[in-house]
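Asks:
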Amino acid sequence: MMQIMAQGSFRRIVRDAARAALAACIWSAPAEAQDRLPERGKLIATAGLIQVEGAGGGGLAPWALITGYGTRDAVGANVHGTVVRVTNFTLSTLGAAVGLYDRVELSYARQFFDTGATGRALGLGGGYQFSQDVFGAKLRLFGDGILDQDSWMPQVAVGLQYKVNDRAAVLRAIGAKSDQGVDFYVAATKLFLAQSLLLNATVRMTRANQAGILGFGGDRSDAYHPEFEGSAAVLLSRSVAVGAEYRTKPDNLRFARESDWYDAFVTWLPTKAVSVTLAYVNLGSIATRKNQEGVYASLQLGF
Amino acid sequence: MPAFSLASRTVAVLVLAATLLAAPARAGTLYDELGQRAGLTRIVDGMVHRALLDPRIKDTFDDANIERLRGLLMLQFCVLTGGPCRYPGRGMKAAHADLNLAPRHFNAMVETLQDAMDAEGVPFWTQNRLLALLAPMHRDIVAARSAAKPGAAP
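Same order as they appear, the protein sequences are chains A and B. According to our numbering, the first sequence is numbered sequentially starting from 1250. According to our numbering, the second sequence is numbered sequentially starting from 1131.
1) Could you check the C-alpha separation between Q1459 of chain A and Q1429 of chain A for me, to the nearest Å?
2) Indicate whether the contact test is met: 3 or more Cβ pairs, each with one atom in the region 1460-1477 of chain A and one in the region 1497-1508 of chain A, closer than 8 Å.
3) Could you tell me the alpha carbon to alpha carbon distance between G1376 of chain A and P1475 of chain A, rounded to whole angstroms?
4) What in chain C is Cβ-close to L1261 of chain B, meaning under 7 Å?
5) Measuring only the C-alpha atoms, how far is V1431 of chain A from P1287 of chain A?
6) So, does the CB of D1363 of chain A fall closer than 9 Å to a CB anywhere in chain B?
7) Do you know how far the Cα of Y1545 of chain A is from the Cα of F1384 of chain A?
8) Need the endpoints of the beta strand (DSSP E) that L1448 of chain A sits in, please.
9) Mind pulling the alpha helix (DSSP H) runs of 4 or more residues that sit fully within the region 1167-1234 of chain B?
10) Going by C-alpha distance, which of B:K1223, B:R1186, B:G1212 and B:R1234 is nearest G1165 of chain B?
11) With a cut-off of 8 Å on the beta carbons, I'd call L1442 of chain A and V1483 of chain A a contact; round off their distance for me.
12) Against S1486 of chain A, what residues of chain B qualify as contacts under a CB-to-CB distance less than 8 Å, listed in chain order?
13) Return the chain-ordered ranges of every beta strand (DSSP E) run that is complete within the region 1407-1479 of chain A and spans a minimum of 3 residues.
14) Does Q1206 of chain B come within less than 9 Å of chain A when only Cβ atoms are used?
15) Alpha carbon to alpha carbon, what distance is there between F1362 of chain A and A1536 of chain A?
16) So which residues of chain A does Q1244 of chain B contact, with C-beta pairs closer than 7 Å?
17) Do the CB positions of L1309 of chain A and W1510 of chain A come within less than 9 Å of each other?
18) Tell me I1315 of chain A's beta-bridge partners as DSSP assigns them.
19) Give the secondary structure of W1255 of chain B by DSSP, where H, G and I count as helix, E and B as strand, and everything else as coil.
20) Could you give the residue range of the alpha helix (DSSP H) that holds R1359 of chain A?
21) Closest Cβ-Cβ distance between G1181 of chain B and chain A: below 9 Å?
22) Between the beta-carbon of V1328 of chain A and the beta-carbon of L1343 of chain A, is there less than 9 Å?
23) Report yes or no: is there a C-beta of chain A within less than 9 Å of the C-beta of R1216 of chain B?
24) Between the C-alpha atoms of Q1378 of chain A and Y1529 of chain A, what's the straight-line distance to the nearest angstrom?
25) Between which residues of its own chain and F1236 of chain B is the CB-CB distance below 8 Å, once the five residues before and five after are set aside?
26) Can you name the residues that DSSP bridges to D1382 of chain A?
27) Under a three-way DSSP split, which group does E1241 of chain B fall into?
28) What is the DSSP secondary structure of G1394 of chain A, reduced to helix, strand or coil?
29) Is it right to say D1471 of chain A is buried, meaning 16 or more other beta carbons lie within 10 angstroms of its own, or is it exposed?
30) Return no unless some Cβ of chain B is closer than 9 Å to the Cβ of L1373 of chain A.
31) First and last residue of the beta strand (DSSP E) that includes R1496 of chain A?
32) Using a Cβ-Cβ cutoff of less than 6 Å, which residues in the same chain neighbour F1514 of chain A once the five nearest sequence positions on both sides are dropped?
33) Tell me the DSSP secondary structure of Y1529 of chain A in three-state form.
34) So which residues of chain B does Q1398 of chain A contact, with C-beta pairs closer than 9 Å?
35) Going by the DSSP bridge assignment, what does K1387 of chain A pair with across the sheet?
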């Protein structure tokens, strides 16, 4: 037994994971215990949320804020689960992200796009599912979007998202040129604290069809396109924010037009360790199915 | 039409309504809204009281003259918010030069101020207008590089 314990690096991982989970549960623990917990030195809500591809941001757009509540002296991390349920499809995402010293952000997300009953009508088979891995990295370049309230200068970051879709054959059949691709973006985020208003603008260079769910490049266009992603959020209290987002998209595939996305969201942050986001989301036309609107729900747990 | 579509439309309408209602009515200066001298004094007292109990930052006040600190903070808030005061203290940079404060200390102090304003019933949007005036001071208050590791004594 002792031997197993001694060589059990897996056990150590499990133990550390259990400790991290415990830490998340006792965020309201007394001060003495908090000495050993993560720093969590940022102000609540100023770490942003996690967007649908796993990067720190709003729901649709990556922001220039580095995820996690660690300041320049610390590391912060979170896990999240998001479900987007629209008329004919369901997109589920599970992911984890870490913010390093409020400078670098690394993220991973796995997306599952379930075609449900519509899969059969599209000739894919009932319940056909596309999956995609998204590896993200973000570097904060300059600006303090939260504290520099005497200036219009936003916080600016650049990032990339490397996406690998697992359905190469089907993607080729619908006219996509590739089953993987890289998005590059630059994001500018600014909190206008006196107005309790947060604004974000992101420009993304991308070849992705429906964010990569339907592959990359297509028979209409295989080039990188600049797309705009905007977010606006109003802080209603320290723990509640509401807002809206808009995200333009390429239109690379002949078989189905692609629409811009938009949402209107409310986020509840009872503590720095937990956030819950609910949104109305409109994804427009997806794979010939029009008016894909519905609910976006996301739960985020921080460490 | 699926049930979730109705639910999602309801969410959208609620979100829009809340956003539109977010237009704060203003009367007089921020100084007036915060209760003038008496209000600011209570806010500052509440903030300092909380800061001295807060394990994240209480040690940073070890060498401070608390009575003087209270008075200076009140006068500083008064001047910043448009009140009829003069601030006689040193510059913020000189006053914090030896404290080696990190961003987590600055933000913890912001949280004690938010808690103090909550206790005084100051509306959230009014709080943010004061915080917006104070936030740029992080450049003078926070040391260029943090000496202490998080979790260690400041």
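Backbone N, C-alpha and C fix where the C-beta goes; we use that ideal spot for every residue, glycine too.
Replies: Working from what's here:
1) 13 Å
2) yes
3) 33 Å
4) The structure shown has no chain C; the protein chains it does contain are A and B.
5) 32 Å
6) Not one beta carbon of chain B lies nearer than 9 Å to the beta carbon of D1363 of chain A.
7) The alpha-carbon separation between F1384 of chain A and Y1545 of chain A amounts to approximately 22 Å.
8) DSSP places L1448 of chain A in the uninterrupted beta strand (DSSP E) bounded by L1446 to T1455.
9) Listed in chain order, the alpha helix (DSSP H) runs fully inside the region 1167-1234 of chain B are 1196-1210 and 1222-1226, counting runs of at least 4 residues.
10) B:G1212
11) Between V1483 of chain A and L1442 of chain A the Cβ distance is about 12 Å, and since that is not below 8 Å, they are no contact.
12) F1254
13) Segments of the beta strand (DSSP E) lying fully in the region 1407-1479 of chain A: 1429-1441 and 1446-1455.
14) No, because no Cβ of chain A sits closer than 9 Å to the Cβ of Q1206 of chain B.
15) 12 Å
16) Going along chain A in sequence order, the residues near Q1244 of chain B (Cβ under 7 Å) are R1487.
17) Closer than 9 Å, so yes.
18) Partner(s): none; I1315 of chain A has no beta bridge.
19) helix
20) Segment V1353 to D1363 is the beta strand (DSSP E) holding R1359 of chain A; no alpha helix (DSSP H) there.
21) Here the sequence assigns Ala to residue 1181 of chain B, which means Gly is not the residue at that position. So no, A1181 of chain B is outside the interface.
22) yes
23) Not one chain A Cβ lies under 9 Å of R1216 of chain B.
24) 23 Å
25) H1268, I1271 and V1272
26) According to DSSP, which records beta bridges pairwise, D1382 of chain A is partnered with A:R1359 and A:V1413.
27) helix
28) coil
29) Here D1471 of chain A is exposed: its Cβ has fewer than 16 other Cβ atoms, across all protein chains shown, within 10 Å.
30) no
31) V1489 to R1496
32) G1308, G1492, T1526 and A1528
33) strand
34) L1261, A1262, L1263, L1264, A1265 and P1266
35) A:E1354 and A:G1408
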